[in-house]
Amino acid sequence: MSSLNPSSSPISSNSHSPSPTSTQPAFKARINLNETLSFLLVSLMVLVPLAALMYGAVRSKSPGSPKAVYTLKNLETVYLGLFSGGWTESVTINSLALAIPVMLVSCVIGIFLAWAVSRTDIPARKTMSALFLIPMLYSPLVGVIGWVVLADPNAGLINTAWSALTSSPDPILDIYSFSGIVWVMIFYFTPYAFVLNVGIFQSMDPSIEEAASVAGANLWQRLSFVTLPIMLGGIASCALFIFTLALEQFAIPGFLGSHIHLETLAYSIFVRTNTYPIDLPGAAAAGTLLMLLASVGLYFYKKFTRHSERYITVTARGFKSGVTRLGQLRWVVFGLCVMIFVLGTLMPLCAVALRALMPVRTTGLDLSGLNFKNFEALLSSQDILIGLKNSVLLGVVTACICALLGLWISYQIIRQKSRLMSAAEYLVSLPIGIPGTVFGIGMVWAYVGTPLYLTLWILLLAFVTRYMVYGVRMIGNGLSQIDRVLEEAARVAGASPGHSFWQVNFPLLKPVVSSMWLLVFMIVMREVSASVILYGVDSVTLPILTWTYLFDGNYGTASALSIVQLVIVALIVALCRLTLGTKLNPHAVE
Amino acid sequence: MKRRDFLNTSGQSVLAASTLSAWGSFAQTDPSWETVDVTPKLIELAKKEGSVTVRYSSPLDEMTVMANAFQNKFGIKVQIDRKVGVVGTQQFANEERAGQHLMDVNYSADPNGLLDLADEGLYLRFTLADLDKKLDKGTYLPGLAYGTKWTEIVISYNPDHIPHAKAKELFKTWHGLLDPSLKGKIGMNEPAGGGVPFATYLLFLRRPEYGRKFLESLAQQKPRLYPGSAPGREDLAAGAISVFIPNWESAAMENFLKGDQTAWTYPEISPAFSNTYLAISKRAPHPNAARLFTAWFFTMEGAKALQGAQVRCTLKNVPDERQAIPRLKKTSWWKPYPSEIRWVPDVKDWNDNYEQLMPEMRQALGWRR
C-alpha cells in the first residue's frame, strides 16, 4: 500500500534484518533510554487530548465554568439519542449516508483513473497523473466555492445556462442538496483513491494479466477475473480509508448542508463549539461518538492491511510495469479521463478564479465587470499576511518535526522491535482515526488553561500529533527496505550509531523524507477541521481565513485567497521537485 | 445548555437582569467609573503598546473600515477576530475564565452578554468624556458599552426578480413575504445570527398583526436559512434568492457602492436601534490602545471615518457624509429611511425572555439544533 495510507504498517513486512543481538551493551542502554523517551513523548502527545476529551464529555459545563460537576448526561444524550430521536440520530445517519456513496464512487473513479494511467496506453499519461493530483493542493473549500458559483439551483452558471437553453425552471444540478454535497465530496476524495490505487497497480506484476491474455481472456475478462480480484484487498483498505476521511469531513457538508438543514456529526460538533449556545461538553461527548464510528472503519481497514500478504504482488523477481494496448478504445478512456478532470477539477477551479475576479455577484454573468479588486483588497489586508506567515510556518515546522520524529521513532520500531515500541507505534497511528474536529475539542479541553491555548503552539502541537504518523510510517517503510548489514558494517568500521545512521541510512532515506515532508506540508496548508476550533486572533491560517470569508459572505475575497493559496502551494511543490527531485507520488517510498 | 447557565456566576445574572430591568432609569454616571477620552497622553501610551485586538460582530467591511482608519491615524496595528453576537461573549468568557487575556475591545451586538460579564468583572466600567453632549440615552449601556451606529432594518430584494414598483407595493408590510410567488425564493438570517435577526423576529412575535403564526407562515415559504447575513446578501445579489430579510441599510449601502444591483425597501414598521457596542476588557492586554480605539470613534474625526462603512453614527451633530447617499438619490427607487416606521425593541423583554424566545424562533422557522 502506498505511503499516503499511513495506517498500513510497513514495518512488519521486512523480516530479513537480523535481530539486534550483536548490539553492544552501552548502545543497547542508550536505545532503551531512547525507547522510553519516545514512548513517553508519544503517549503524552496522543493520550492527553484523548483523556481530556473523555473528561470534557462527563463535565456539565465548559472549562473553567463555576459550579461545573461530573455528569453522564452528555453521553446519555449523545448515545441514547441515537435510538430515540435525539439530535445525534439524524446527524449520524446523514454522516453515514454521505460517507458511503462518497466512498464507493470515489473509489470507482479513482481505480479507473489509476488503471488508465498505470496500465493502459492512453496519451499524456504522465501529465494526467499530475493533473489528477491538483485537488490535493487546495482546501475543500475551493470545491465548495466553485460549485456554489456553478450549481446554485437558482443562480449557478450551469443552471442558468441550462435554463436559457431548455426554458426549464428546474435546475440540472442543485449543489444545496444531498446529491450535490455527495458530488462535491466525491471529487475531493477521488485524488486519494487515485493515488492509493496507482500504488497498487504499480506494485502488481503484470505477468499475471499477460498470462490471462495469452490464455485468450479479453480486456473485460482480465479486469474482472484477474486484475480486480488481485487488487481487492488494497481496494477495500482504500475504500475504508476514504470512508473514515469522509466521515470526518466537515467543511463541505457543513457549508452546503447548513442551507438545507442537513447537518453531519462532524459539522454539528463544530457548531457546538462556535455558535450559540456554545456547548463544549456536548461537543466532547459527540466527539467520542464520531471517534467510535471512525474507529469501526479504521478497524476493518487495519484488518485488511494486516493480511495484505495475501495479496502480495511485489516479488523478488523484478518486473516491468505492463501496458495494455487498448487500440481505438484508448481515445474513449482518454476522453473519460479528461472529462473527469474537467468536471472534478478544472470547472470548479475556473469558477473560483471567475468569482475572484468579480467584485460583486450579479444575476447574469457580466464579464466586462471583472477586475482584480478582490485580490487588491486581500493583499492590502493584514489578515492575509498573518495567515500566510502562520500557514507556511506551521507547514514547514510541522513537516520538519514529523520528519525528525519519524526518523527517531521509526528507527527504534524497525531496529528494536520491542513491545514498548510496538505500543508507541500503535499510539502514533491512533490520531489518524480521530476526526480533526474531535481532536480539536480534545486539545481545547486539555490546554484551555495553559498559555498554549489559542496560539500557534497549540496548532503546531495538534498538527505534529496528528501527522507524525506519516513520518513514522513513510520513513519506516523506507527504513525497512535498507538492509541492516550496511549500518553494521559502518559500526564495525568504527562509526558511532548516530554517525552510521546519518552516513548510511539517511542518504538512502532522503527521497522518502522529502516526499513525506512535502505531503505533510501540503496537508497542513489546507487543514481546516482541527484548526477551526483551535485558532486564535494571532494564529489564523489561510484555510481558516478562507472559511471565515466564506461564512462572512465575502465569496470574492475567499475565492481570491483560494487562488493565492493554490499558487503558493504549487510553487513550493515545484520548488521541492526542482531542487530535491521530490515526487508527490507517495509510492516513491517503496 | 442554557445561555444563562453558561454565563451564570453565583447569581450575578440576577443582578444583571435587575440592572437591565431598570434600563431606562440607569444611573448615567458613577464616580467609580473611569472617564475615557482621547488625550495626548493616552495616544502616546497606546502607541507604545503598538497593537489592539478587537473582537467584532459587525460585517467584515465595517470592521475593516474602522481598523484601517484607526491604524492610519495612529499607526497602531488592529487585529480583528469575528465572533458574532453571543458567540463573542461566550468565547470571551471562556478565555477569561481560563486566565487567557487576549481581547482588548469587544465590538459586540450582545448587550445582555456584555452586562452579564461586566457583573462578573470582566469588562471595564467606564464612561466617555462629555457623554451627554455626544450620545442620546438608549444608544449605550451606561458605564459599560457605547453604540457607534444606528441599525435600521430593511427588506432587500433583487430587482431582476421583483421590479421596484412591485417590491414597493408588495412589501408595504412584512405580510408581502407570504406572497405565493416568493415560495422558495426568500433568504432569512437565523435568529442567533446577531442582534438584527433577533430584533426582527422579536417584532414579529410581539406585534399582534404578526405573531408566531406569521413566523410559521414564513417557514412555510421554504426560505433558505443563513447562519449569518452576509452570505444571504451574496446570494441575493447572485439571484439565488429574490428577497433577503432582515438586512440593514448601512450593509446594503456598502454593497450598493461595490456595484451590487440589489435594492431595498421599508415596511410599515421595522426595528431601528443601536445594536453594536464598543466595550473594553478589564484585563485588556493593550489597555491604552483599547481605550483609544473606543474613545476615538466617538470623536468627530472617528465618527466620520466610521461613515466610510456607510453607517449612520450615533454621535450627535455629525453631518451625514455617507458616500452612498448622493448616488442613491440618483436612483428611481431609493428614499431616505422614514423615521415613522421605527420600532425600538424592548430591551427588558429581550433580556428576560432571550432563552425562551431563541428556541421558539428557531422552532417556528424550522431551524433545528
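Residue numbers (our numbering), protein chains in the order written: chain R, 1060 to 1649; chain V, 1111 to 1479. Note that the Cβ used here is the ideal one computed from N, Cα and C, for glycine as well. Being a predicted model, the structure only gives us computed values, none of them experimental.
- At least one CB atom of chain V sits nearer than 9 Å to the CB of R/G1123.
- Across the segment 1333–1347 of chain V, CB contacts with chain R closer than 8 Å involve R1334, L1335, Y1336, P1337, G1338, S1339, A1340, P1341, G1342, R1343, E1344, D1345 and A1347, in sequence order along the chain.
- Rounded to the nearest angstrom, the gap between the Cα atoms of V/A1419 and R/Y1114 is 45 Å.
- With a contact defined as Cβ atoms closer than 8 Å, R/V1599 and R/D1442 qualify at about 7 Å.
- Counting every other CB atom within 10 Å of its CB across the protein chains shown gives R/T1151 a total of 16 or more, marking it as buried.
- Chain-order list of chain V residues neighbouring R/L1513: E1205, Q1210 and L1212, by C-beta distance under 8 Å.
- Here V/T1375 carries a strand assignment [DSSP, helix/strand/coil].
- Bounds of the beta strand (DSSP E) holding V/K1187 are K1187 to R1192.
- R/H1318 counts as buried, since no fewer than 16 other beta carbons sit within 10 angstroms of its beta carbon.
- Relative to R/N1536, the option among R/I1460, R/S1574, R/T1421 and R/G1386 whose CA is nearest is R/S1574.
- Secondary structure of V/T1441 (DSSP, three-state): coil.
- Under the DSSP assignment, V/V1353 falls in the beta strand (DSSP E) whose first and last residues are V1353 to W1358.
- Around the Cβ of R/N1430, a 10 Å sphere holds fewer than 16 other Cβ atoms; the residue is exposed.
- Taking a beta-carbon distance threshold of 9 Å, R/L1609 counts as an interface residue toward chain V.
- If you look at V/L1232, you'll find it isn't in any beta strand (DSSP E); DSSP assigns it neither H nor E.
- The segment 1218–1229 of chain R makes no contact with the segment 1293–1306 of chain R, as fewer than three CB pairs between them are under 8 Å.
- At a cut-off of 9 Å, the C-beta of V/G1349 has a neighbouring C-beta in chain R.
- Pairing V/Q1331 with V/V1353, the inter-Cα distance amounts to about 12 Å.
- The beta carbons of V/T1258 and V/A1382 sit no closer together than 9 Å.
- Between R/L1315 and R/Y1235, the beta carbon gap of about 6 Å places them in contact (Cβ cut-off 8 Å).
- Of the candidates R/F1434, R/V1105 and R/T1607, the residue whose Cα lies closest to the Cα of R/V1623 is R/F1434.
- Looking at R/A1589, R/T1323 and R/L1486, the one whose alpha-carbon comes closest to that of R/T1147 is R/T1323.
- Residue nearest to R/A1521 within the set R/P1494, R/M1533, R/E1546 and R/L1538 is R/P1494 (criterion: CA-CA distance).
- The beta carbons of R/A1462 and R/V1551 sit no closer together than 9 Å.
- Following the DSSP letters along the chain, one finds V/L1388 in no alpha helix (DSSP H) but inside the beta strand (DSSP E) bounded by residues Y1387 to I1390.
- Every unbroken stretch of the alpha helix (DSSP H) spanning 4 or more residues and falling wholly within the segment 1397–1429 of chain R is given here in chain order: 1406–1416.
- For R/L1339, the nearest beta carbon of chain V is closer than 9 Å to its own beta carbon.
- Here V/G1476 is not near R/R1420, since their CB atoms are 9 Å or more apart.
- Per DSSP, reduced to three states, the secondary structure at V/G1297 is strand.
- Sequence-ordered contacts of the segment 1415–1429 of chain R with chain V read P1418, V1419, R1420, T1421, T1422, G1423 and G1428 [C-beta pairs closer than 9 Å].
- Taking V/E1378 as reference, the option from V/F1281, V/T1145 and V/L1367 with the minimal CA-CA separation is V/F1281.
- When Cβ-Cβ separations below 9 Å define contact, R/N1613 makes contact with chain V.
- The Cβ atoms of R/V1497 and R/Y1197 do not sit closer than 9 Å to each other.
- Between V/V1428 and the set V/F1408, V/T1237 and V/D1456, the nearest pair of CA atoms involves V/F1408.
- Around the C-beta of V/E1205, 16 or more other C-beta atoms lie within 10 Å, and the residue is accordingly described as buried.
- R/T1136 and R/L1351 have their C-alpha atoms some 16 Å from each other.
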